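Report on the structure given below.
Number of protein chains: 2
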Amino acid sequence: MLSDIEIAQAARLTPIDELAHSAGLADAEFEPYGRDKAKVDLDPARKERGRLILVTATSGMPAGSGKTTTSIALAQGLKKIGKSAVLALREPSLGPVFGMKGGAAGGGYSQVLPMEAINLHFTGDLHAITAANNLLAALLDNARHQGQVELREIFWRRVMDVNDRMLRNIVSGLGGPANGIPTEAGFDITAASELMAVLCLADGMEDLRARIDRIVLGIRKDGTAYTCKDLGATGALLALLKDAMKPNLVQSIEGNLAFVHGGPFANIAHGCNSLAATRAALKLGDFAVTEAGFGSDLGAEKFIDIKCRMAGLKPAAVVLVTSTKALKWHGGVPLPEIGKPDVEALRKGLCNLDAHVRNLKNFGPEIVVSLNHFHTDTDEEIDVIRNRCAELGVRFAVCDGFARGGEGAVELARAVTEAADEPRELHFTYDEDASLLDKVTAVVRKVYGGEGIELSEAAKKDLKRIVELGFGNLPVCIAKTPFSLTADGKALGAPTGFTVPVQRFILNAGAGFVVVTTGAVMRMPGLPKAPAAMQIDVVDGKITGLA
Amino acid sequence: MLSDIEIAQAARLTPIDELAHSAGLADAEFEPYGRDKAKVDLDPARKERGRLILVTATSGMPAGSGKTTTSIALAQGLKKIGKSAVLALREPSLGPVFGMKGGAAGGGYSQVLPMEAINLHFTGDLHAITAANNLLAALLDNARHQGQVELREIFWRRVMDVNDRMLRNIVSGLGGPANGIPTEAGFDITAASELMAVLCLADGMEDLRARIDRIVLGIRKDGTAYTCKDLGATGALLALLKDAMKPNLVQSIEGNLAFVHGGPFANIAHGCNSLAATRAALKLGDFAVTEAGFGSDLGAEKFIDIKCRMAGLKPAAVVLVTSTKALKWHGGVPLPEIGKPDVEALRKGLCNLDAHVRNLKNFGPEIVVSLNHFHTDTDEEIDVIRNRCAELGVRFAVCDGFARGGEGAVELARAVTEAADEPRELHFTYDEDASLLDKVTAVVRKVYGGEGIELSEAAKKDLKRIVELGFGNLPVCIAKTPFSLTADGKALGAPTGFTVPVQRFILNAGAGFVVVTTGAVMRMPGLPKAPAAMQIDVVDGKITGLA
Numbered sequence: 019m020l021s022d023i024e025i026a027q028a029a030r031l032t033p034i035d036e037l038a039h040s041a042g043l044a045d046a047e048f049e050p051y052g053r054d055k056a057k058v059d060l061d062p063a064r065k066e067r068g069r070l071i072l073v074t075a076t077s078g079m080p081a082g083s084g085k086t087t088t089s090i091a092l093a094q095g096l097k098k099i100g101k102s103a104v105l106a107l108r109e110p111s112l113g114p115v116f117g118m119k120g121g122a123a124g125g126g127y128s129q130v131l132p133m134e135a136i137n138l139h140f141t142g143d144l145h146a147i148t149a150a151n152n153l154l155a156a157l158l159d160n161a162r163h164q165g166q167v168e169l170r171e172i173f174w175r176r177v178m179d180v181n182d183r184m185l186r187n188i189v190s191g192l193g194g195p196a197n198g199i200p201t202e203a204g205f206d207i208t209a210a211s212e213l214m215a216v217l218c219l220a221d222g223m224e225d226l227r228a229r230i231d232r233i234v235l236g237i238r239k240d241g242t243a244y245t246c247k248d249l250g251a252t253g254a255l256l257a258l259l260k261d262a263m264k265p266n267l268v269q270s271i272e273g274n275l276a277f278v279h280g281g282p283f284a285n286i287a288h289g290c291n292s293l294a295a296t297r298a299a300l301k302l303g304d305f306a307v308t309e310a311g312f313g314s315d316l317g318a319e320k321f322i323d324i325k326c327r328m329a330g331l332k333p334a335a336v337v338l339v340t341s342t343k344a345l346k347w348h349g350g351v352p353l354p355e356i357g358k359p360d361v362e363a364l365r366k367g368l369c370n371l372d373a374h375v376r377n378l379k380n381f382g383p384e385i386v387v388s389l390n391h392f393h394t395d396t397d398e399e400i401d402v403i404r405n406r407c408a409e410l411g412v413r414f415a416v417c418d419g420f421a422r423g424g425e426g427a428v429e430l431a432r433a434v435t436e437a438a439d440e441p442r443e444l445h446f447t448y449d450e451d452a453s454l455l456d457k458v459t460a461v462v463r464k465v466y467g468g469e470g471i472e473l474s475e476a477a478k479k480d481l482k483r484i485v486e487l488g489f490g491n492l493p494v495c496i497a498k499t500p501f502s503l504t505a506d507g508k509a510l511g512a513p514t515g516f517t518v519p520v521q522r523f524i525l526n527a528g529a530g531f532v533v534v535t536t537g538a539v540m541r542m543p544g545l546p547k548a549p550a551a552m553q554i555d556v557v558d559g560k561i562t563g564l565a
Numbered sequence: 019m020l021s022d023i024e025i026a027q028a029a030r031l032t033p034i035d036e037l038a039h040s041a042g043l044a045d046a047e048f049e050p051y052g053r054d055k056a057k058v059d060l061d062p063a064r065k066e067r068g069r070l071i072l073v074t075a076t077s078g079m080p081a082g083s084g085k086t087t088t089s090i091a092l093a094q095g096l097k098k099i100g101k102s103a104v105l106a107l108r109e110p111s112l113g114p115v116f117g118m119k120g121g122a123a124g125g126g127y128s129q130v131l132p133m134e135a136i137n138l139h140f141t142g143d144l145h146a147i148t149a150a151n152n153l154l155a156a157l158l159d160n161a162r163h164q165g166q167v168e169l170r171e172i173f174w175r176r177v178m179d180v181n182d183r184m185l186r187n188i189v190s191g192l193g194g195p196a197n198g199i200p201t202e203a204g205f206d207i208t209a210a211s212e213l214m215a216v217l218c219l220a221d222g223m224e225d226l227r228a229r230i231d232r233i234v235l236g237i238r239k240d241g242t243a244y245t246c247k248d249l250g251a252t253g254a255l256l257a258l259l260k261d262a263m264k265p266n267l268v269q270s271i272e273g274n275l276a277f278v279h280g281g282p283f284a285n286i287a288h289g290c291n292s293l294a295a296t297r298a299a300l301k302l303g304d305f306a307v308t309e310a311g312f313g314s315d316l317g318a319e320k321f322i323d324i325k326c327r328m329a330g331l332k333p334a335a336v337v338l339v340t341s342t343k344a345l346k347w348h349g350g351v352p353l354p355e356i357g358k359p360d361v362e363a364l365r366k367g368l369c370n371l372d373a374h375v376r377n378l379k380n381f382g383p384e385i386v387v388s389l390n391h392f393h394t395d396t397d398e399e400i401d402v403i404r405n406r407c408a409e410l411g412v413r414f415a416v417c418d419g420f421a422r423g424g425e426g427a428v429e430l431a432r433a434v435t436e437a438a439d440e441p442r443e444l445h446f447t448y449d450e451d452a453s454l455l456d457k458v459t460a461v462v463r464k465v466y467g468g469e470g471i472e473l474s475e476a477a478k479k480d481l482k483r484i485v486e487l488g489f490g491n492l493p494v495c496i497a498k499t500p501f502s503l504t505a506d507g508k509a510l511g512a513p514t515g516f517t518v519p520v521q522r523f524i525l526n527a528g529a530g531f532v533v534v535t536t537g538a539v540m541r542m543p544g545l546p547k548a549p550a551a552m553q554i555d556v557v558d559g560k561i562t563g564l565a
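Residue numbers (the numbering used here), protein chains in the order written: chain E, 19 to 565; chain R, 19 to 565.
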């Protein structure tokens, strides 16, 4: 089989004007970026008419779960059975593209295109967020330098869209008084920026303004919060983010409309594409297929408890992606062996599937388990999973979208339409007015399957201050390893009896949540021994080696 | 009169497809970015046919000289008299846009449009350079962290497109061994990045590859150079810079084609738009009007001694922009008074005009002095300048492009066509094979009018090492204040008898020159007490306050 990039480069794309017009968009509703991408600004009179399908997964493993591929396959499968299905996906970050994970535009015959552009600069949204974030940092530090404000503590960090461990902790402002004030500082990856969350959760430009106004940059000498509004920087940030707020339209390899917009990671941030993209997909499709990053404990939990609650969204069904490889990994098989048949280990790993099904049942919507098919899967292995789904009372489908595109996802598409025909209530993990501690504890108990939490000394101080500032009842956005239901990436399967160590509470008043970091999770990744960057090149004007 | 942004927003733009087609571009030769910008990739079979007009200026002053405005006015004026004139200009940086200077897309009725987009993210070139620069830094530091290379000294700095003095000097890699190696580091503004120079000087993708390969990142323990090629990062950088290499097509307010591409500052970098843009303008216009930043001592010197020499370009004529305000400033009038008539001070400031005319005469091409007209100018003042030009034996024209667009530049356009009809030899300031010291000294003596140079201890060490590494004969790119012909921004007029203090020699082997920093010049600007950012906003979907 060809590589992802070879398949992508061989595909014939519909010109973006044609694609947009065929979807009924007026010229005023989109702006082309190149011949195959567009920024979209739909007529406000359009109504949301589609049904929302959330795609999530069982716990992660180093090789990735195929969730984006399944989402794209599902949309293509729905198209095959005569439904109009529009995708709403996150946009990739240059960090993983040049680091370990590679691109994030699907795989095989279930990709969004143009793959190279989407994986690299795309329409510049992440760059706009980086620029806005760092302009804010410069304006803040300049106000301090000019003696216009004195802060006891600074919350606002710089960001960069790169994996660079050297920038996690720095001292800035060295070299004497003309070069600023020596300050402990640091960078997160752009996907973890509060501005990324703000852009993804904002319901239009005025909400964007209100959220940016509310961002707390630090604490004044008198203990009060110093906000972006106090600094007076909101307008400049809006100017930088104005175009980035518009969802990006591209296409799947089989011609589905795809909105690829906003890119918070689900381990270190809230993990869903922009609300603007979700709403656009709901306006244009019978079905809007969206993905939340990593497992039901990460992206899906935040999708429901944060995004759906804030925006009044309600998924009609949930797809839970799993694979024999992922379950064998969680059954204890080492990475080089997971492609080999091993029914015993697979059975052992089913507990992880069980836990994710339990989580999704608690949320309410009907569930379809989708097996991301590999050619190494045996019939016996597939039957083991199918049977377990029957025992759990959830639908099951094999999805071979990677090798066969939409044709390989017809079974999944049919199961999803059936599931979506059975509307269910949506349940949240915690009450809106519960305390931060109760919220985190509820997620740990109900979603992770643990006993409770343990706070670091820093976390206790953070919590006290956040409560004092009046933000003690925000939702929580928990940063946690995706490789385990616990905070320990090595604890496979479905552990019980564990507690989750909480390192810090980080106020994101503009995003409207408190980030809770657990275990050893890092908000700025590092590069591996052999970065993916070293394989990438441009040959005869074409990008090669992008995986 | 309306503000620049009001004029820009009231203008009716030709749709970019129509503009490109009317210029004879095939669909395969351009990609639209929005409705009013395009990336251009001209058929390699096209020949350069136009005459190159370089626009430079007398010494700077805090209020700006109107060089970009004059360049645009000139192109519009040439169009009025029936010539096809295409612009090649630098693209603005977010640093000055949100800092002190404001936008850089011309002014009044001589602007390039869409003004807001050009001044903000435009087509993302500066973001691409920032991303490539910082990926290279992360890959380099990762190779050190992984024990793949040991360096005695690191040359490569990070960059950001923002004015942020706090990032000039940092210590990175703090927080223990998992977070890198504690290292003295720092950021320059993106406009000063070697990659910006590399992109601007590269003659096509293969030259870009060769230049990036040659970048020296640091010195190994054994004293040898460690290059980007040694690290193996060139391919990834090419993937990030592939689209950024294509010049951006926009239009002047009167419909001239304008290539706005590449943005090195002329005080801290080499100060000219990309070679790709210059070549595109030469292919499409009878006249290609280009601008080099700041005075003849900065942008023009580097344009000729670096860019023209490397690329085999030859300007047919040079326009020297001046104004009563600039000359009065250099005659000693304080800023708030420079709008008031003062023939005495103006006469005193004429020495600055004399010096720049002398510089340009040394370079060879015919000269047209263009007076950037202000409504406060008196006839007597204008006559003083006109008479001095007659004495100097150079052409003179009043340009009122700001208030009257191309109509206000017809006199200038006629003078320029006459000048261009008198081809002259091009002379460089120094021989290609002279030593670095001789080259800097030649620029100081012949162009700045000084006696010589004085090296700091650090500069002496730098020089020794650069010579040892085998780069002792590269051209020099001198970083110097634009406000004076000397290295002291307060020394007005045309000082003599001064020496220039050299702080550092910085090897840019990929760009193909050695940066020489002088006086107190900073490669990362800071923000002023009242940053321009604080005036910028978005109102009813339109950007306001952008100057």
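Beta carbons: idealized from backbone N, C-alpha and C, even for Gly. These numbers were taken from a predicted model, which means no experiment stands behind them.
1. So what's K560 (chain R) in DSSP terms, helix, strand or just coil?
2. Helix, strand or coil: which one does DSSP assign to T208 (chain E)?
3. Taking its Cβ as the centre, do 16 or more other Cβ atoms sit within 10 Å of H163 (chain R), making it buried, or is it exposed?
4. Hey, is D182 (chain E)'s beta-carbon within less than 8 angstroms of any beta-carbon in chain R?
5. Rounded to the nearest angstrom, what separates L249 (chain E) and A415 (chain R) at their Cα positions?
6. Give me the Cα-Cα distance between R30 (chain R) and R522 (chain R), rounded to the nearest whole angstrom.
7. Tell me where the alpha helix (DSSP H) around S40 (chain E) begins and ends.
8. Per the DSSP calculation, Y1 (chain R) is bridged to which residue(s)?
9. Measuring straight from C-alpha to C-alpha, what distance separates A427 (chain E) and G419 (chain E)?
10. Determine the closest residue to F116 (chain R) out of R:G559, R:I554, R:K560, with distance taken between C-alpha atoms.
11. Quick one: is I188 (chain E) near chain R, going by C-beta distance under 8 angstroms?
12. Suppose you measure from the CA of A363 (chain R) to the CA of G100 (chain R); what does that come to, to the nearest Å?
13. I'd like to check one pair, L444 (chain E) with K343 (chain E): are the Cβ atoms closer than 8 angstroms?
14. Does T126 (chain R) get closer than 8 angstroms to chain E when you measure Cβ to Cβ?
15. Thinking F498 (chain R) and N285 (chain R) are a contact (beta carbons under 8 angstroms), I'd like their distance in whole angstroms, please.
16. Could you list which residues in chain R have their beta carbon closer than 9 angstroms to that of K547 (chain E), in chain order?
17. Check whether the region 67-74 of chain R and the region 297-315 of chain R touch, using three or more Cβ-Cβ pairs below 8 angstroms as the test.
18. Going by the DSSP bridge assignment, what does F489 (chain R) pair with across the sheet?
19. Decide if R69 (chain R) is buried, meaning its Cβ has at least 16 other Cβ atoms within 10 Å, or exposed.
20. In angstroms, rounded to a whole number, what distance separates the CA positions of D143 (chain E) and E47 (chain E)?
21. Under the DSSP definition of a beta bridge, which residues are partnered with R522 (chain R)?
22. Determine which residues of the region 126-153 of chain E have a Cβ less than 7 angstroms from any Cβ of chain R, and write them out in chain order.
23. Ignoring anything shorter than 4 residues, give me the alpha helix (DSSP H) runs that lie fully in the region 219-258 of chain E, in order along the chain.
24. Just tell me which of R:F205, R:G165, R:W174 has its CA closest to the CA of I230 (chain R).
25. Apart from the five residues just before and just after C290 (chain R), which ones in its own chain have a Cβ nearer than 6 angstroms to its Cβ?
26. Whole angstroms are fine: how far does the CA of V180 (chain R) sit from the CA of G113 (chain R)?
27. Against chain E, does K119 (chain R) count as a neighbour if the rule is that its beta carbon must be under 8 angstroms from one of theirs?
28. When you compare the CB of E49 (chain E) with every CB in chain R, is at least one pair closer than 8 angstroms?
29. Do the CB positions of M263 (chain E) and L217 (chain E) come within less than 8 angstroms of each other?
30. Are the C-beta atoms of R53 (chain E) and some chain R residue less than 8 angstroms apart?
31. Given 8 angstroms as the limit, is there contact between the region 48-60 of chain E and the region 381-398 of chain E, that is, 3 or more CB pairs closer than that?
So, from the data block:
1. strand
2. helix
3. buried
4. yes
5. 46 angstroms
6. 48 angstroms
7. 34-40
8. Residue 1 (chain R) lies beyond the range of chain R shown here (19 to 565); nothing can be said about it.
9. 6 angstroms
10. R:I554
11. yes
12. 39 angstroms
13. no
14. In the sequence as displayed, the identity of residue 126 (chain R) is Gly instead of Thr. So, not an interface residue.
15. Here residue 498 (chain R) turns out to be Lys, not Phe, going by the sequence shown. Yes, they are in contact, since the Cβ atoms of K498 (chain R) and N285 (chain R) sit about 6 angstroms apart, within 8 angstroms.
16. N160, Q164, Q166
17. yes
18. Its beta-bridge partners do not exist; DSSP assigns none.
19. buried
20. 18 angstroms
21. R:T535
22. L138, H139, G142, H145, A146, A149, N152, L153
23. 223-232, 246-249
24. R:W174
25. A310, F321, K325
26. 4 angstroms
27. no
28. yes
29. yes
30. yes
31. no
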